[in-house]
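Residue numbers (the numbering used here): 200 to 609. Glycine included, every Cβ here is placed at the ideal spot set by N, Cα and C.
See below:
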């Protein structure tokens, strides 16, 4: 009797378990977003390896060119300034004194030079006059001496006349040679003039430098832009070379990005670029690939990357330097291809797979992929137009064989 009871209990339990398993297998379906595949165009893109930062093509870190205390600074970070606008001022008192001192030294040097030149000019006039007079006296004495020698040789005059003429000639010659010596003295005076002129030039240069140093008291904007960073505060003492503030042009923007070495062969300057900015999640900005580095720039373990430079098309007032961005360089366009969202793909055992929906159940299908972009990937084999796939392979509760409730996305 007991044996019959246990057989009955086991039979009822088995029937109950079978019913539960059937009920579970036919349980409440999982709600998933699906897509009915159809052919269309596909932009083939190459994406940057990491998120990049938007930079300004024109950026300047303004630094102090003279030491002093900041006496005026009314601007703050984010303020827009025009080219030539005064951004801050450094105490001028010491620089003004140096200008006055250099000016006084220049006046003294010029006065000294004028004094030397006046004295030399007077001496030159006197020396020239003395030399001409000595030359005339020497010529006359020579002629008289020659005449006395001639008449003496003829026996017309006495020897005393010849001796007197010779003595007069020798005196005139000595005076002439002394006058020539005075010319050498004047040459020394000319050297003094040259030295005086050099001193004047030196003082002029010193005055110019003092004025330049004074001009460094005012820091002006080299171009129209925005103050992106202030490094110092009002009344702070700054030294030569101290960074004061950073100025950027917010309208001339570019992105310096990195591309994997396997993708660089598909790039060339002039290609259009999609720019995705975190601050504007619903917008896609346009850019142009301007430059590609000719050599590998980055090397991390086994990864090799090339640097590229992408410039925005047109002006983007809302976009600011420092914002993060991702880029997609458009390298090709494929018309009339079958493509799926990249997020619909998963990889198992080295194979690309995708969840399809057949008769309200999920089936895992192996596919062969082709080219892709940030959002979509070309399917070369394994799917056909009109089939239904699950949009996101990471869906909650998603596994092969599960029942689904379709949320169709055309």
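Pairing CB atoms from the stretch 449-456 with CB atoms from the stretch 288-297, are three or more of them under 8 Å?
The stretch 449-456 vs the stretch 288-297: no contact.
If you run the structure through DSSP and keep just helix, strand and coil, what is residue 235?
Indexing the chain shown from 1 puts residue 235 at position 36. Residue 235 falls in the strand class under three-state DSSP.
Whole beta strand (DSSP E) runs in the stretch 480-508 with 3 or more residues, listed along the chain?
Whole beta strand (DSSP E) segments, 3+ residues: 484-491 and 497-499.
Through-space distance from residue 571 to residue 492, alpha-carbon basis:
Within the chain shown, residue 492 is the residue found at index 293, counting from 1. Within the chain shown, residue 571 is the residue found at index 372, counting from 1. Looking at the two C-alpha atoms, the distance is approximately 24 Å.
Residue 495 to residue 503 span [Cα, whole Å]
Here residue 495 corresponds to residue number 296 of the chain shown, with the count starting at 1. Here residue 503 corresponds to residue number 304 of the chain shown, with the count starting at 1. Cα to Cα, residue 495 sits roughly 6 Å from residue 503.
To which residues of the same chain is residue 558 closer than 8 Å at the C-beta, ignoring the five residues directly before and after it?
In the chain shown, counting from the first residue as 1, residue 558 sits at position 359. The beta carbon of residue 558 lies closer than 8 Å to none in the same chain, with the five residues before and after it left out.
Identify every run of the beta strand (DSSP E) within the stretch 246-325, keeping only runs that are complete inside it and at least 3 residues long; order them along the chain.
251-255, 258-262, 267-271 and 285-289
Identify the continuous beta strand (DSSP E) that holds residue 540 and give its terminal residues.
Counting from 1 along the chain shown, the entry for residue 540 is found at position 341. That run of the beta strand (DSSP E) goes 523-540.
Pick out whichever of 518, 534 and 489 has its Cα sitting closest to the Cα of residue 483.
Locating residue 483 in the chain shown gives position 284, counting from the first residue. When 518, 534 and 489 are compared, the shortest CA-CA separation from residue 483 is found for 518.
Checking 8 Å against the spacing of the C-beta atoms, do residue 553 and residue 564 come in under that value?
Residue 553 sits at position 354 when you count from the first residue of the chain shown. Residue 564 sits at position 365 when you count from the first residue of the chain shown. Yes, the pair counts as a contact, with Cβ atoms nearer than the cut-off.
Pairwise C-alpha distance: residue 511 and residue 486:
Residue 486 sits at position 287 when you count from the first residue of the chain shown. Residue 511 sits at position 312 when you count from the first residue of the chain shown. Going from the Cα of residue 486 to the Cα of residue 511 covers about 4 Å.
Helix, strand or coil for residue 414, going by three-state DSSP, please let me know.
Here residue 414 refers to the residue found at position 215 when the chain shown is read from its first residue. Three-state result, residue 414: helix.
Paired residues, beta bridge with residue 561 - DSSP:
Residue mapping note: residue 561 aligns to position 362 of the chain shown, counting from 1. According to DSSP, which records beta bridges pairwise, residue 561 is partnered with 556.
State yes or no: is the C-beta of residue 232 within less than 8 Å of the C-beta of residue 591?
Here residue 232 corresponds to residue number 33 of the chain shown, with the count starting at 1. Here residue 591 corresponds to residue number 392 of the chain shown, with the count starting at 1. For the pair residue 232 and residue 591, the CB atoms are nearer than the 8 Å cut-off.
Residues near residue 336 by beta carbon distance below 8 Å, same chain, minus five either side:
As a working note, residue 336 is residue 137 in the chain shown. So the qualifying residues of the chain are 371, 374 and 375.
Of the residues 261, 234, 585 and 310, the one placed nearest residue 439, counting alpha carbons only
The residue given as residue 439 occupies position 240 in the chain shown. Checking every option, the nearest Cα to that of residue 439 belongs to 261.
Hey, is the stretch 278-288 in contact with the stretch 467-484, meaning 3+ C-beta pairs nearer than 8 Å?
no
Same chain, Cβ closer than 8 Å to residue 403, neighbours up to 5 away in sequence not counted:
Numbered from its first residue, the chain shown carries residue 403 at position 204. Correct list, in chain order: 305.
7 Å CB neighbourhood of residue 574 in its chain, flanking five on each side removed:
Within the chain shown, the letter at position 375 stands for residue 574. Cβ neighbours of residue 574 beyond the five flanking positions: 540 and 541.
Kindly examine the ligand NAP and report whether one of its heavy atoms sits closer than 7 Å to the Cβ of residue 431.
The ligand NAP is not part of the structure shown, which contains no ligands of any sort.
For residue 312 versus residue 379, is the C-beta distance shorter than 8 Å?
As a position in the chain shown, residue 312 is number 113, starting the count at 1. As a position in the chain shown, residue 379 is number 180, starting the count at 1. No; because the gap between Cβ atoms is not below 8 Å, this pair is not in contact.
Ordered along the chain, which non-local residues of its own chain (more than five positions away) have a Cβ less than 6 Å from that of residue 417?
Taking the first residue of the chain shown as position 1, residue 417 is located at position 218. Answer for residue 417: 285 and 288, listed in chain order.
Assuming the contact rule is C-beta atoms closer than 8 Å, residue 583 and residue 568 should be a hit. Round their C-beta distance to whole Å, please.
For the purposes of this step, residue 583 is identified with residue 384 of the chain shown, where counting begins at 1. For the purposes of this step, residue 568 is identified with residue 369 of the chain shown, where counting begins at 1. In fact, because the Cβ distance is near 15 Å, the residues do not count as touching under 8 Å.
I'd like to check one pair, residue 462 with residue 424: are the Cβ atoms closer than 8 Å?
On the chain shown, position 225 is the one that residue 424 refers to. On the chain shown, position 263 is the one that residue 462 refers to. Taking 8 Å as the Cβ cut-off, residue 424 and residue 462 do not qualify as a contacting pair.
For residue 259 and residue 301, the rounded distance between their alpha carbons
Translated into the one-based positions of the chain shown, residue 301 becomes position 102. Translated into the one-based positions of the chain shown, residue 259 becomes position 60. For residue 301 and residue 259, the distance between alpha carbons rounds to 32 Å.
Return yes when the Cβ of residue 276 is within less than 8 Å of the Cβ of residue 529, no when it is not.
Your numbering for residue 529 matches position 330 in the chain shown. Your numbering for residue 276 matches position 77 in the chain shown. Result no, Cβ atoms of residue 529 and residue 276 do not sit closer than 8 Å.
Out of 353, 343, 377 and 415, state which residue places its alpha-carbon closest to the alpha-carbon of residue 368.
The residue you call residue 368 lines up with position 169 of the chain shown. Among 353, 343, 377 and 415, the Cα nearest to that of residue 368 belongs to 343.
Quick one: grab the DSSP three-state call for residue 593.
In the chain shown, counting from the first residue as 1, residue 593 sits at position 394. It is coil, neither helix nor strand.
How far does the beta strand (DSSP E) with residue 601 in it extend, from its first residue to its last?
Position 402 of the chain shown holds residue 601. No beta strand (DSSP E) holds residue 601; DSSP gives it neither H nor E.
For residue 280 versus residue 431, is the C-beta spacing smaller than 8 Å?
Within the chain shown, residue 280 is the residue found at index 81, counting from 1. Within the chain shown, residue 431 is the residue found at index 232, counting from 1. For residue 280 and residue 431, no; Cβs fall outside 8 Å.
Alpha-carbon to alpha-carbon, residue 323 and residue 388:
Position 189 of the chain shown, counted from the first residue, corresponds to residue 388. Position 124 of the chain shown, counted from the first residue, corresponds to residue 323. Cα to Cα, residue 388 sits roughly 10 Å from residue 323.
In the DSSP output, which residue or residues are listed as bridge partners for residue 363?
Position 164 of the chain shown, counted from the first residue, corresponds to residue 363. Paired residue(s): none; residue 363 is not in a bridge.
Give me whichever residues DSSP pairs with residue 444 in a beta bridge.
Taking the first residue of the chain shown as 1, we reach residue 444 at position 245. DSSP, once it has assigned bridges, lists 261 and 429 as partnering residue 444.
Report the three-state DSSP secondary structure of residue 243 (helix, strand or coil).
Residue numbering aside, residue 243 sits at position 44 when the chain shown is read from its first letter. Looking at residue 243 - three-state DSSP - the assignment turns out to be strand.
Have a look at 365, 239, 401 and 257 and flag the residue whose alpha-carbon is nearest the alpha-carbon of residue 451.
Looking up residue 451 in the chain shown gives position 252. Ranking 365, 239, 401 and 257 by Cα distance to residue 451 puts 257 first.
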